[in-house]
Each structure stands twice: as structure tokens, then as C-alpha cells.
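Heads up: the sequence shown is residues 1 to 185, going by the UniProt record's numbering.
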Amino acid sequence: MAVKETLRPGGRSARVQASVHKAVHELLAEMNRAEVTIPLIAARAGVTPSTIYRRWGELQALLADVAVERLRPDMQPVDAGSGKADLEAWAEQYAEEMSSGPGREMIRDVLAAQTGANACKCSEYTRQQIIVIAERAKARGEIFPDLDRVMDQVVAPIMYRILFGDVPDAARVRDLIARVMSTVN
1 MAVKETLRPG
11 GRSARVQASV
21 HKAVHELLAE
31 MNRAEVTIPL
41 IAARAGVTPS
51 TIYRRWGELQ
61 ALLADVAVER
71 LRPDMQPVDA
81 GSGKADLEAW
91 AEQYAEEMSS
101 GPGREMIRDV
111 LAAQTGANAC
121 KCSEYTRQQI
131 IVIAERAKAR
141 GEIFPDLDRV
151 MDQVVAPIMY
161 RILFGDVPDA
171 ARVRDLIARV
181 MSTVN
């Protein structure tokens, strides 16, 4: 005898979000961003446009929500053997990913949303990655810079350069890290 499911994991809201996010990804891969509309997304996702307007309010908020999910780290920072090496590996990858074409588009989408909630989520993702690196370094008995110092002296300059057109190369990233690490010795 077949068992009828009475409750699906995640519920309808999670399914709607997943189908809408998937539709956005597919449409952005197929067409120019300026051609993507809420009715197109709704049709692809199998929902009504009013569902999208009710949940996200406007296209830019939806694009920001999709970008935030794509910017969420899917793994822990690499363990390269020391706090400095871990931070270098993480920051070089971060700079490379964020300065890529898709990375820049996601940053623009997050920042273009009406509220700062999505930008705060992205900042928190970054902070959590730095916390993992710092805790790992401290567990090894290493001295590691304060979280805010790393955010201000490593992450902020990388993001500034990305936002204003300059791609921070690996040498620049290593220089930023050398400077912030020198403040704790």
C-alpha cells in the first residue's frame, strides 16, 4: 500500500522559491539581463506573476535574492596550514570570483535592491568565512587579526577595487594580507 505524503520538506514556499530561483538562473543564461521580466520568470517557474510580486515586490529584489543565494559559500575556507596562508587562499579566491563577470553582476544585483538586507547577508557570509579562518588559526596557537580589521583592511579594499573597475590581482591581495598580518605581530 502506498503511503501518502502529508507534508513535504520545505513546504510550498520553499518549492516556489526554488522554482523561481531556477527560472531566473535559466533565463539569465539564455538571454540578456535587460530582457528578463517577472512574467517570463513566472511562466518558466510555473507560478503566477502575482506570486513573485507578493514575495519579492519587484524584479530587482528577486535578482538580489537570487544573487545572495549564489554568493553563499558552499564550503569551508581551504586549510592551507596557517592563518596567513588560509587567509591568502580565501582572499585570492574571493577576489577572483567576485571580480569575474558573473560575480560583478551578482554584486550589482545585491547592491541595487531597495533594502540593504541582502548586502548585510553577503557581508555576514564573508564574516563567517573569516571567523572560520581565525578560529582555525587560534586553535593552532597563532595570533590572528581582529575580524573587523580583516574586513576593513582586506575585504573592503578588494570589494572597492571590484566595484570601481580594477581587478585586484593575487599580488595585491597578498600585500593586503601581509599588511593586516603585520599588525598582530
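Glycine included, each C-beta is placed from N, C-alpha and C at the ideal position.
Looking at the backbone, the Cα of R172 and that of V154 are separated by about 10 Å. Using a Cβ distance threshold of 7 Å, L87 and C122 do not count as a contacting pair. Taking the CA atoms as reference points, A119 sits about 6 Å from V110. Secondary structure at I52: helix, using DSSP grouped into helix, strand and coil.
Distance check between A117 and each of G101, A178 and A67 places A67 closest, using alpha-carbon atoms only.
Assignment of V78 by DSSP, reduced to helix, strand and coil, places it in the coil class. Contact between the region 24-31 and the region 41-50 is established, with three or more Cβ pairs separated by less than 8 Å. In its chain, beyond the 5 residues on either side, P49 have a beta carbon closer than 6 Å to the beta carbon of P39. Taking Q76 as reference, the option from E105, E58, R127 and G101 with the minimal CA-CA separation is R127. Annotation note: the region 109-143 contains the following uninterrupted alpha helix (DSSP H) runs of length 4 or greater, listed N- to C-terminal: 117-139. In this structure, DSSP gives V36 a state outside helix and strand, which the three-state scheme calls coil.
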